[in-house]
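Protein chains in written order, with numbering that gives the first Met the number 0: chain A, 0 to 341; chain H, 0 to 341; chain E, 0 to 341; chain G, 0 to 341.
The beta carbon of each residue, even a glycine, is placed where N, CA and C say it ideally should be.
First up is the structure itself, then whatever we jot down about it.
4 protein chains.
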Amino acid sequence: MINIGIVGGTGYTGVELLRILAQHPEAELKIITSRQKAGVRVDDLFPSLRGQIALQFSDPAEADFSQCDVVFFATPHGIAMDQARALLELGVKIIDLSADFRIKDIAVWEKWYGMEHVAPDLVGEAVYGLPEVNRDKIKGARLIANPGCYPTAVQLGFIPLIEAGVVDTNHLIADTKSGVSGAGRKAVTPTLYAEASDNFKSYAVAGHRHQPEIKQGLSARTTQSIDLTFVPHLTPMIRGIHATLYARLAQEVDLQSLYEQRYLDEPFVDVLPAGSHPETRSVRGSNFCRIAVHRPHDGDTVVILSITDNLVKGAAGQAVQNMNIMYDLPETMGIQHIPLLP
Amino acid sequence: MINIGIVGGTGYTGVELLRILAQHPEAELKIITSRQKAGVRVDDLFPSLRGQIALQFSDPAEADFSQCDVVFFATPHGIAMDQARALLELGVKIIDLSADFRIKDIAVWEKWYGMEHVAPDLVGEAVYGLPEVNRDKIKGARLIANPGCYPTAVQLGFIPLIEAGVVDTNHLIADTKSGVSGAGRKAVTPTLYAEASDNFKSYAVAGHRHQPEIKQGLSARTTQSIDLTFVPHLTPMIRGIHATLYARLAQEVDLQSLYEQRYLDEPFVDVLPAGSHPETRSVRGSNFCRIAVHRPHDGDTVVILSITDNLVKGAAGQAVQNMNIMYDLPETMGIQHIPLLP
Amino acid sequence: MINIGIVGGTGYTGVELLRILAQHPEAELKIITSRQKAGVRVDDLFPSLRGQIALQFSDPAEADFSQCDVVFFATPHGIAMDQARALLELGVKIIDLSADFRIKDIAVWEKWYGMEHVAPDLVGEAVYGLPEVNRDKIKGARLIANPGCYPTAVQLGFIPLIEAGVVDTNHLIADTKSGVSGAGRKAVTPTLYAEASDNFKSYAVAGHRHQPEIKQGLSARTTQSIDLTFVPHLTPMIRGIHATLYARLAQEVDLQSLYEQRYLDEPFVDVLPAGSHPETRSVRGSNFCRIAVHRPHDGDTVVILSITDNLVKGAAGQAVQNMNIMYDLPETMGIQHIPLLP
Amino acid sequence: MINIGIVGGTGYTGVELLRILAQHPEAELKIITSRQKAGVRVDDLFPSLRGQIALQFSDPAEADFSQCDVVFFATPHGIAMDQARALLELGVKIIDLSADFRIKDIAVWEKWYGMEHVAPDLVGEAVYGLPEVNRDKIKGARLIANPGCYPTAVQLGFIPLIEAGVVDTNHLIADTKSGVSGAGRKAVTPTLYAEASDNFKSYAVAGHRHQPEIKQGLSARTTQSIDLTFVPHLTPMIRGIHATLYARLAQEVDLQSLYEQRYLDEPFVDVLPAGSHPETRSVRGSNFCRIAVHRPHDGDTVVILSITDNLVKGAAGQAVQNMNIMYDLPETMGIQHIPLLP
């Protein structure tokens, strides 16, 4: 059994981690912390977990993680970088669902996240936890930077094109749509039901933190320079990301075959038959990324549709996938939930 | 392994049965029929099942159920009563998710369902599949009448009061609210998104088919006469039933204790702490019924709140629970999904 | 023209007042205050009002209401009672959309609103602004206590029965369902989209502030004692209240005719044909209350369905209706919006 | 007063026409037809119109439009082209909300709409009713082809760039998102609540009927060739279109100023301040198109955000705007509804 700690378990990625880990055959949840909810039973806050988890939230100041093999950070950025070194020194592995270790260029990170990075050396060590490109490095890692929700869907969508070198990499466009849970469980006006329901809008068109993360990830797959226009939108649903990706073809290629080959052995990337239109609900509650490839009017613009559940493959599910890889477990263990439809 | 057939698998109870049975350790799905979708792959119609189910829908006219141990009917009423006898004669057991065998009084059934009943003798034999009251009979049954969605939530809510004889049984009120999936997957105008979203309404206030089913079920728990005002409402959500039940106390009783005792050993009925307000999402995708008991202002009106997922405990999950009981499997096998929240 | 001020215009009742008053032929909006948004243009906060309102929010500390004929309070409770006397002394009339002047019994008010009342004498003077019962008093009033959203729908639903003396008034039941805007625009976790969407729950079953308001209102229509079980629910829609009301008949009566007669001359109460099921969307954005009357199975339990838009007839629309009455304008002036459907 | 007829008033564009025309000061609704609902009162089908419209639906076979000045077609394609000639010969003007007269190239129309066009000469005469480009021609027209919902939002978004000749016109991208009412009121499975809610998907990526309409409209604004990748998506809301438009800059230009100048005198096109993110709810129920202009990272990709209510500016509102122009009424008459927010 793997002994597990969770830092910051009161948000949506936290409760999703709990849902998954509570039934993972090799996971034993030892401790979960929350400043605000210390002393509260986990299943009082999340009645969906009644009968599943007997723990209560611990005060982070008093938490003893030395009993843990691995600690998940489901915190806002800025927490994990502060606590990582001490945990690593205890021999505890870390899977950070926040953004602290995702961006290798510290200056870029500091610009987008608005604070000084306190552990730049650990950024260097951290492995970017996208199994579809970094499986081998994840296996031996102590510190995983779990990818962002948009970056997961967008990178998995673009990677075959980038690796094959068949598109203009300087003018990629990612028009992305996210369910509201992507904004987290913090109480703010714009994500109130009466604001976000029956409504659609873009945000952060001038610049979004996930753009440099995507750019870095795609740049690692090619020697060409990468530039990306990234426009995120908020859509009135709870879960789900739909990335609509546009690229200009630079040479002829059998797109469907390219994608099918690239993801042939990937347990969680599903390339749909030609002509498909993936729906976000077809991955609701599951760790799948489903991708469809289009070339409208046989023109030179490729349209890639890539969908995930932002809380699973875009966060907690991918984190557990990384854990499975790190501990030599079957990669799909405990994350084989069938999507909930309808 | 139990060999399983499904008749009519293209509706919401059908796809939910598929979701559950695809990962049930003792279930092997052999055949699934659909008149309209014969020849279509199941996962073409429901991409959420890609990689889970390799079958295609069979033409009912050509379906051979002799290979099956048990057949589930996920059909509109009128089908199961027509086909049940032939299956039973083949030695196949039946779990009917439709209404054909729920009402013992044939005249009442015919009045509410608007057709002649063609197998009244089988109605006599059929066991009403509410495990919390009929577990022993279910064990030995060949033919299960799986309860309706509202009747499950309403009966589980009222039963402790009725069995204890502490309320006026002639003036029960059930104000129930259902998600739109309860209306099925048939294309009709009132359940279109643009009709049912951002909207709330009652329906069938003059009389609804589930009222006699509830009345029959509650009458079986007492020697007193039962009468019930049943008002169903359609609420803009996909899944979930919320039954708000009102009864007038006839004598003093410790309500919380009454409910906790009644459901102490029930794996799927969860009596919440006093003062709770159960949310339908706390059972989304799961087989739980959660119940809270209130007595506002210490008056003589009891308010019971009972919630289920209409497609799970209200349909497919309870059907599999019944199958587990019939085949002496652990009652919770394959239906222990943790609710999806958020 | 009536010169108008609004105190606290950043919530949902505030923006709804603005929507209505911006096109009211006799209203001229002079000033609108907000502590948090002082200096911000109204149409920056609410782009729906671009081109309609040129004002910016004023600091309440610096606001001069002496130019106003009437001031609307769209504030949390506790503000209006504090400021009312000074305004009245300036000769300014007040329409208070908050709860400060609704409850005549000061002790009851203080119990439910958890603070000391600082203007009990004004409570005595205040007229409860439900035009369907108090039209004449409203005409001459300086201070209007605009009814709560639930109390409007529930009282309009029960009044004909209570006035006619045909039901058991000690066991009334109001099972009410509200859209999420009823909870206001304040950022709190339970009304986040990802919490309230695809979910249904009750709240405050042990006791809700609107229960004593309803009780007081109904008591004023009869010499009999009134008792009421009031159970509110939150439903995933933006606007709308659906009150499902239950009462036990004490004598025979032609219910449909009773309701039609009672509301014959009421411009905003619409009694639907017998057998109807009103949908909340049929009043979306309008000042109507639509009511349907049922007596299921010809039993002794009457079921009344009463719907409103909580922000219009349940708040801002009714406030303007009261203003029209106070200023001898046609009662329907400026509030004749046709509901937005779909 | 203008005497008005409506053909096919049971769909969403029909009921929206009714909502608008019922309060239009110069419109008198004389007749409304429906094959399926002949004899039914309009306000029985749409209770939101109770007290507003006393008509019942007429059988189209018996309808006498000679009393009408103008007839609106709110029908599926194929009807208006069949009936237009007879009406025009009666001296009745036509505003066709369907697609029958939108595409000038008959072969293109026939390809996309799958039927033979029976009135190609009238296509030549028809004026494309986008007031922002065709106001003068609309004034004298007998036959208006009212634009499609997507084409309205997309064209208004692209026009300033195209007219100014500052972008690569051969690689335009329109990533569009529509509320579900855009799919009409016809009962089909994909637009059921339980299918479309909490879900996001694209459709018709291989090709959509509105692509040639947009291409034709933009081509008319330039001498350059136009090509467009058009990807529509279905988003879980009732009303609203959000078009996210991408174009590659070919020369430097002050984008904000370009847009503000172009739409300076347009009553229904609202160019938002630089940096804005328009929300669809900010036009809900209104005839506005709001546009924001972005140039992320000062790169060469322009991002235009253009929103409308698909049933108003995208259909019924624009139709009445055209009527106002045709009859020399103030262009904004009867379509000045303030958006309903929240």
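Less than 8 Å separates the beta-carbon of H:Ile158 from that of H:Arg220. Under the criterion of beta carbons closer than 8 Å, H:Ser97 and A:Pro341 do not qualify as touching, at roughly 19 Å. Judged by DSSP in its simplified three-state form, H:Val282 adopts helix.
Listed in chain order, the beta strand (DSSP E) elements of length 3 or more contained wholly in the stretch 145-187 of chain A are 171-177.
One Cα belongs to A:Glu15, the other to H:Ser47, and the distance between them is close to 19 Å. For G:Thr243, the nearest beta carbon of chain A is closer than 8 Å to its own beta carbon.
Check the Cα spacing between H:Glu27 and each of H:Ile19, H:His209 and H:Gln223: the tightest is with H:Ile19. Interface criterion not met: the Cβ of A:Leu16 is under 8 Å from no Cβ in chain H. Neighbourhood of G:Pro338 in chain E, by CB distance below 7 Å: Ser47, in chain order. According to DSSP, E:Asn2 shares a beta bridge with E:Glu27.
Contact note: E:Tyr258 does not reach chain H at a C-beta cutoff of 8 Å; the least C-beta distance is about 15 Å. At least one CB atom of chain H sits nearer than 8 Å to the CB of E:Lys200. Apart from sequence neighbours up to five positions away, the residues of its chain that approach G:Asp174 with a beta-carbon distance below 6 Å are Val230 and Thr243, ordered along the chain. Between the stretch 184-203 of chain E and the stretch 243-252 of chain E there are fewer than three C-beta pairs closer than 8 Å, too few to call the two in contact. Shown here, A:Phe229 sits in a strand according to DSSP, grouped into three states. Per DSSP, the continuous alpha helix (DSSP H) segment holding G:Leu217 begins and ends at His209 to Ser218.
G:Val301: not part of any alpha helix (DSSP H); member of the beta strand (DSSP E) spanning Thr300 to Thr307, first to last residue. Runs of the alpha helix (DSSP H) lying entirely within the stretch 234-267 of chain A and spanning at least 4 residues, in chain order: 254-261. When the Cα atoms are used, E:Asn198 and H:Phe64 turn out to be separated by approximately 39 Å. DSSP places E:Val122 in the helix class (H, G or I) of the three-state scheme.
In this structure, G:His276 and A:Lys200 form a Cβ contact; the two beta carbons are roughly 5 Å apart against a cut-off of 8 Å.
In chain order, Gln335 and Ile337 make up the part of chain E whose C-beta sits under 8 Å from the C-beta of G:Gln22. Of all residues in the stretch 227-252 of chain H, only Thr228, Phe229, Val230, His232, Thr234, Pro235, Met236, Ile237, Arg238, Gly239, His241, Thr243, Tyr245 and Arg247 place a beta-carbon less than 8 Å from a beta-carbon of chain E. Under the 8 Å criterion on CB atoms, G:Ser281 is classed as interfacial with respect to chain E. In this structure, DSSP gives E:His293 an extended state, which the three-state scheme calls strand. Bridge pairing for G:Arg40: G:Gln55 [DSSP]. Under the Cβ distance rule, H:Lys176 counts among the residues neighbouring chain E, one pair being separated by less than 8 Å. In this structure, DSSP gives A:Thr12 a helical state, which the three-state scheme calls helix. For G:Asp197, the neighbours in chain H by C-beta distance under 7 Å run, in chain order, Ile237. Between A:Pro59 and the set A:Phe72, A:Thr222 and A:Gln51, the nearest pair of CA atoms involves A:Phe72. When C-alpha distances from H:Glu330 are compared across H:Ile337, H:His336, H:Asn321 and H:Pro338, the shortest belongs to H:Asn321. Residues Pro130, Arg134, Ile137, Lys138 and Glu330 of the same chain have their beta carbon placed closer than 7 Å to that of G:Ile324, with the five preceding and five following residues left out of the count.
Assigned with DSSP and collapsed to three states, G:Ser47 falls in helix. Ranking E:Gln66, E:Thr74, E:Asn2 and E:Ile52 by CA distance to the CA of E:Thr9 puts E:Thr74 first. C-alpha of H:Tyr326 to C-alpha of E:Val268: approximately 58 Å in a straight line. Around the beta-carbon of H:Arg34, fewer than 16 other beta-carbon atoms lie within 10 Å, marking it exposed.
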